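**Q**
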Amino acid sequence: MDTNRQIITLINDFLDRFEFPAPTGVSVEAGTDPDSLQVFLKTAEPGLIIGYHGENLSALQLVLGQHLHSRFDRWFNLSINVNDYRERRESALHSLADSAVTRVIATGQPHSLPPMPAGERRIVHMYLSDHPQVTTSSEGLGRNRSVIISPRAV
Numbered sequence: 002m003d004t005n006r007q008i009i010t011l012i013n014d015f016l017d018r019f020e021f022p023a024p025t026g027v028s029v030e031a032g033t034d035p036d037s038l039q040v041f042l043k044t045a046e047p048g049l050i051i052g053y054h055g056e057n058l059s060a061l062q063l064v065l066g067q068h069l070h071s072r073f074d075r076w077f078n079l080s081i082n083v084n085d086y087r088e089r090r091e092s093a094l095h096s097l098a099d100s101a102v103t104r105v106i107a108t109g110q111p112h113s114l115p116p117m118p119a120g121e122r123r124i125v126h127m128y129l130s131d132h133p134q135v136t137t138s139s140e141g142l143g144r145n146r147s148v149i150i151s152p153r154a155v
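The numbers in the sequence shown follow my numbering, run straight up by one, and end at 155.
1) Just mark GLU121 as buried or exposed, buried being the case when its beta carbon has 16 or more other beta carbons within 10 Å.
2) Rounding to the nearest angstrom, what Cα-Cα distance links ALA154 and ARG87 in this structure?
3) THR170: which of SER139, LEU114, PHE77 sits nearest, CA to CA?
4) State the DSSP-derived secondary structure class of VAL27, mapped to helix, strand or coil.
5) DSSP three-state call for GLU140: helix, strand or coil?
6) Taking the C-alpha atoms as reference points, what is the distance between PHE19 and ALA60?
7) Report the rounded CA-to-CA distance for ALA101 versus GLU46, giving the unit in angstroms.
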């Protein structure tokens, strides 16, 4: 059995074991490097798998990544996407960043975004990295770490 088929079987078994709704579709694609995997799930009840602010999804990704490591004796850079949640969340983060940039430019004062996980902070930093009028930094610790958008020094 090829690796992708084994991973799909593991995911289905894992979701079933923890009584998540059965996915209506599962696919696995290789990412940009050999140890990168993107898992796409389709389900009628995405909210149960995604959870509040993606917390269930992040936990599932972490535990499944560890399970895959124990099964295949190698680490995978794993990304799980349920019903295109990742794309929708990225779009929402871009909108949030755009609103904050408008406020920073109008007031000349830094603006703090709500605390967010490292992956989401990275999306904001990358999105605004080439912006000519603002810079970004992160502040805080752990779950309270957030992106600060500041006017670029002239």
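Glycine included, each C-beta is placed from N, C-alpha and C at the ideal position.
Since this is a predicted model, take the numbers as computed values, not measurements.
**A** With the structure as the only source:
1) For the purposes of this step, residue 121 is identified with residue 120 of the sequence shown, where counting begins at 1. The residue in question, GLU121, is buried, as its Cβ has 16 or more Cβ neighbours within 10 Å.
2) Locating residue 154 in the sequence shown gives position 153, counting from the first residue. Locating residue 87 in the sequence shown gives position 86, counting from the first residue. The straight-line gap from Cα to Cα measures roughly 33 angstroms.
3) An answer regarding residue 170 cannot be provided, because it is not within the stretch 2 to 155 covered by the chain.
4) Taking the sequence shown and counting its residues from 1, one reaches residue 27 at position 26. Correct three-state label for VAL27: strand.
5) The sequence position of residue 140 within the sequence shown is 139, counting from 1. Three-state result, GLU140: strand.
6) As a working mapping, residue 19 is identified with position 18 in the sequence shown. As a working mapping, residue 60 is identified with position 59 in the sequence shown. Near 12 angstroms, if we compare the C-alpha coordinates of ALA60 and PHE19.
7) Counting from 1 along the sequence shown, the entry for residue 101 is found at position 100. Counting from 1 along the sequence shown, the entry for residue 46 is found at position 45. About 32 angstroms.
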